[in-house]
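K.L.:
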Ligand code: IPM
Ligand code: MG
């Protein structure tokens, strides 16, 4: 298998965690005999500094011409005062839109060995295994009109939450298809007691559900969902929700895992998939070698699964992550009370890459029997 992968390290801890993910992909390529070509481009604050744009044309063209995009994180405090469309984050939003990736998959899994890192009691978090399917190209993030105007001498800011039936349908199908391969339950999250967009969302999701009779559908208001997520996370299999709700709920779901640094994501639906950890650029810890690369590495596993169709390789990376966690290696964010030992970002990356070789060997031996 040959894959052209555009690597966008981005800002803050983006470069250090992405390098570990690339290292793991190289290990996978070597072991399984694939050819992965990596091309680095700039995005976010790094791109603004060099090209005066958060998504330069050279970056976008490279992404559009590749099989998959692996991204670190965007965002830097020096640009905080800029209007939304000039900020580093605008680069990411434009990229998602240009790639047409309307479905954002964010798995949140509780790993037993680091359960002490979660503020949730182990008996609540343990066994939780949730897939959040976040609509990625609609809602308040992209709705028009938007902007700042003035009214009677006061500034007024406007954003628009807008959804069409086809927009809801296509992401709902991704959620139902995913659920049918898991525990066959979709919880659709909205605010249908207040918002018209949510009423349309609920009707549309209910209609799509009829095509998936093997999957159970329930609906929750977003405020209630926020509560259930941390009081009873095991009640969820797949959560399907609109853009902003999904943004908020996925950070909350990270608490189940113990750290935002653990969460991976896959943005799919367009021609080129985009894979990035859920965490941000964390400028406060950038460059210290303490950032958690597990989310970035797990995103590389999703790249193998969704852009490469390499299920075995994806599972190998996921198993390698587990084995490094089981062996006790931790970054500071997941070390609380877990009885492990601290390792740097690069050490973790190297350990996972080595574990990939071991896991692949074991799996191979097992299949050969
Ligand atoms: C995320 C991030 C982004 C988002 C930001 C960086 C634009 O928070 O991927 O969850 O809001 O989608
Ligand atoms: Mg977010």
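Residue numbers (this note's numbering): 3 to 371. The C-beta atom is built at its ideal place from N, Cα and C for all residues, glycine as well.
1) CB-CB under 8 Å to residue 130, same chain, minus the five flanking residues each way: which ones, in chain order?
2) If distances are taken between C-alpha atoms only, which option among 64, 30, 244, 186 comes closest to residue 145?
3) Quick check: the segment 216-236 against the segment 262-277, are there 3 or more CB pairs under 8 Å?
4) Excluding five sequence neighbours on each side, which residues of the same chain lie with their C-beta closer than 8 Å to the C-beta of residue 216?
5) Under the rule that 16 or more other beta-carbon atoms within 10 Å means buried, what is residue 26, buried or exposed?
6) Which whole runs of the alpha helix (DSSP H) in the segment 276-343 are 4 residues long or more, in chain order?
7) With 16 as the cutoff for other CB atoms within 10 Å, does residue 22 come out buried or exposed?
8) Beta-carbon distances below 5 Å to any heavy atom of the ligand IPM define the shell here; list its residues in chain order, please.
9) If you measure from the CB of residue 103, is any heavy atom of the ligand MG nearer than 7 Å?
10) Short check: CB of residue 320 to CB of residue 303, under 8 Å?
11) I need the straight-line Cα distance from residue 361 to residue 329, nearest angstrom please.
12) Unbroken beta strand (DSSP E) runs of length 3 or more, entirely within the segment 13-93: which are they?
13) State the Cα-Cα distance for the pair residue 42 and residue 191, rounded to the nearest angstrom.
14) How many whole angstroms separate the CB atoms of residue 100 and residue 90, which I take to be in contact at a CB cut-off of 8 Å?
15) Given a cut-off of 8 Å, decide if residue 251 and residue 266 are closer than it, judged by their beta-carbon atoms.
16) Is the segment 62-81 touching the segment 92-99, taking contact as three or more C-beta pairs under 8 Å?
P.N.:
Well, looking at it:
1) By the criterion of a C-beta distance shorter than 8 Å, residue 130 is surrounded in its chain by 110, 111, 112, 235, 236, 238, 258, once the five residues flanking it on both sides are discounted.
2) Answer by Cα proximity: 244.
3) Output reads no: the segment 262-277 does not touch the segment 216-236.
4) Only 182, 186 meet the Cβ criterion.
5) Counting other Cβ atoms within 10 Å of its Cβ, residue 26 reaches 16 or more and is therefore classed as buried.
6) Taken in chain order, the unbroken stretches of alpha helix (DSSP H) that lie wholly in the segment 276-343 and span 4 residues or more are 296-308, 313-328.
7) So residue 22 counts as buried.
8) Qualifying residues come out as 91, 249.
9) At a cut-off of 7 Å, the beta-carbon of residue 103 does not count as near the ligand MG: no heavy atom of the ligand is closer than that.
10) In contact: residue 320 and residue 303 (Cβ atoms closer than 8 Å).
11) Their backbone Cα atoms lie some 14 Å apart in a straight line.
12) List check, beta strand (DSSP E) in window: 37-43, 70-75.
13) If I take the Cα positions, the gap works out to 37 Å.
14) Contact annotation, residue 100 with residue 90: C-beta distance approximately 16 Å; criterion of less than 8 Å not satisfied.
15) The Cβ atoms of residue 266 and residue 251 do not sit closer than 8 Å to each other.
16) Yes, the segment 62-81 is in contact with the segment 92-99.
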